[in-house]
Amino acid sequence: KINDADIIIFSSGTLWSSLIPTYYHEGFNEAIKQSKALKYLIMNNIQDEDMIGIDSSQIQDVLNEYLPMDDITTIFNNDAEEAMRISNKKYKSIYGKFGDGKKHNPSLLVNFIVKDSLNLSCDHLVVDFDDTIVGRSNSHFVESIDNIKHLWQLSINKSVSIVTGNSLNHVNETLNKLKIADPFLFKPSTIMNYIQMSNITLYCDGGNSKCKWNIDKQRYEFVSYLDTSYVIDNDEIFNLYKSITDEHVPIFKIENRNNVIISIKPLDKEERIKIHKKLSEKLVKYDVKMTGKTTIDIYKKGYSKKVVISDFKNVKTLYIGDELESGNDLVMKDIKEISEYKSINVNNPLDTNDILKIISK
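Just so you know, we're using my numbering here: the sequence shown kicks off at 282 and counts up by one.
Quick look at the structure:
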């Protein structure tokens with residue numbers, strides 16, 4: 282069990298008559314040392330019957346005789362009695378609030394450990410849109426609505442951004458569908474929800490189109506480009522449309538995403554492969570990519586979601602996306618330009634919902 286564990290937790294409890302006898306078993310200390318799991322020790326809130334007269338710092342030294350304390354993070358409750366809040370500088374310690382001074386609140390404690398183990402703490406939360414925050418094709422309606430509400434809550438105390446390859450129209454249409462499903466979602470009467478949406482900046486069309494929430498219209502509106510060098514001018518747009526229609530693609534399947542991305546959809550599998558091959562050969566000055574399951578996107582060479590970095594401050598950032606192993610999130614997997622940066626891959630809005638619940642607590 283120790284070898285297979287991802288996280289090992291040494292609980293609070295009675296020290297000499299309960300915990301240490303467990304740690305004293307032959308081979309235990311060596312097994313813990315060899316384990317690659319993250320290790321946490323929960324410090325008691327109060328002095329137990331058999332530890333009267335020593336503080337938490339001294340307890341850490343005592344436990345070092347039985348556990349590899351240099352590889353264990355001690356968790357202290359800010360609400361514990363004073364003697365149980367003293368950390369020994371020789372060991373790694375973290376603090377949180379876990380209920381009253383006598384008992385730990387299990388839910389708060391578990392969330393704190395998960396948040397630390399996954400390194401979910403951040404000053405700037407950045408999320409993808411489709412299949413991350415909201416479900417595609419009307420899927421995950423309940424989680425999608427709840428995710429939006431979590432983003433509102435988080436945006437009160439930290440910077441929150443949405444970065445998506447989708448168009449502005451798509452984002453607004455999707456939010457409107459959620460509003461129809463939950464009529465109270467964007468109403469002014471629902472605890473300032475509609476104002477909190479204005480705290481969240483949207484970067485659409487692959488990230489280059491910066492948009493802000495219009496409170497009166499209850500929709501996002503375009504504000505500015507982040508990098509005009511990736512904007513396709515009107516003459517180029519005309520020529521791209523001609524190249525695409527020459528491959529017998531109907532005009533209604535072509536979408537101009539704010540002169541940044543020309544998107545073709547929906548295409549069936551064989552049709553998409555054939556058209557992609559033809560356009561890749563003809564449009565050598567552009568990147569022609571198959572995205573999603575039915576789409577081809579065309580944009581200027583070198584363009585990617587990384588364009589948004591120019592608008593981000595160098596603060597501790599967490600990125601959540603569903604295509605970090607492939608697709609348009611791949612470039613966001615590891616951003617060297619931001620010193621404290623972490624990315625998490627999710628499979629769907631349900632995964633995102635679990636993460637946002639942890640971050641929100």
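Just so it is clear, CB atoms sit at the ideal spot from N, CA and C, and this is done for glycine as well.
Beta-carbon gap between Ser293 and Met324 smaller than 8 Å: Taking C-beta atoms as the reference points, Ser293 and Met324 count as a pair closer than 8 Å.
Cβ neighbours of Ile367 in the same chain (closer than 8 Å, five flanking residues each side left out): Once the five neighbours on either side are set aside, the close Cβ partners of Ile367 are Asp336, Ser337, Ser338.
Supposed contact pair Gln341 and Val354 - C-beta distance, whole angstroms, cut 8 Å: The sequence given here has Thr at residue 354, not Val. So it is not a contact: roughly 11 Å between Cβ atoms.
Range of the contiguous alpha helix (DSSP H) that encloses Trp433: Segment 422-436, the alpha helix (DSSP H) holding Trp433.
Same chain only: Cβ atoms within 7 Å of Val530, ignoring 5 sequence neighbours per side: Excluding sequence neighbours, Val530 sits near Ile545, Ile556.
Within the region 547-613, ranges of the beta strand (DSSP E) (whole runs, at least 3 residues): The region 547-613 is shown to contain whole beta strand (DSSP E) runs of 3 or more residues at 567-572, 576-581, 598-602, in chain order.
Own chain, CB closer than 6 Å to Ile472, minus 5 neighbours either side, in chain order: Unreliable positioning characterises Ile472 in this predicted model, as indicated by a pLDDT of 48, which lies under 50. A coordinate reading is not provided.
The region 586-594 contacting the region 497-513, beta-carbon criterion three pairs below 8 Å: Using a C-beta cut-off of 8 Å, the region 586-594 makes contact with the region 497-513, since at least three inter-stretch Cβ pairs fall below that distance.
Sheet register partners of Glu536 (DSSP bridge): Residue pairing by DSSP puts Glu536 in a beta bridge opposite Ser544.
Rounded distance between the beta-carbons of Val441 and Leu406, thought under 8 Å: The pair is a contact, with the Cβ atoms about 5 Å apart (cut-off 8 Å).
Close-in-space but distant-in-sequence residues of the same chain around Phe422 (CB under 6 Å, 5 per side omitted): Correct list, in chain order: Ala462.
CA-to-CA distance, Glu552 to Val561, given in whole angstroms: Note that residue 561 is Ser in the sequence shown here, rather than Val. Our two residues, Ser561 and Glu552, have alpha carbons roughly 14 Å apart in a direct line.
Identified DSSP bridge partners for Gly520: A small fix is needed here, since residue 520 is Asn in this sequence, not Gly. Asn520 is not bridged to any residue.
Short Cβ contact (8 Å threshold) for Ile543 with Ile579: Going by C-beta atoms, Ile543 is nearer than 8 Å to Ile579.
C-beta atoms of Asn428 and Asn634 nearer than 8 Å: Yes.
Sufficient close CB pairs (3 or more, under 8 Å) joining the region 477-485 to the region 518-532: Taking 8 Å as the limit for Cβ pairs, the verdict is that the region 518-532 does not touch the region 477-485.
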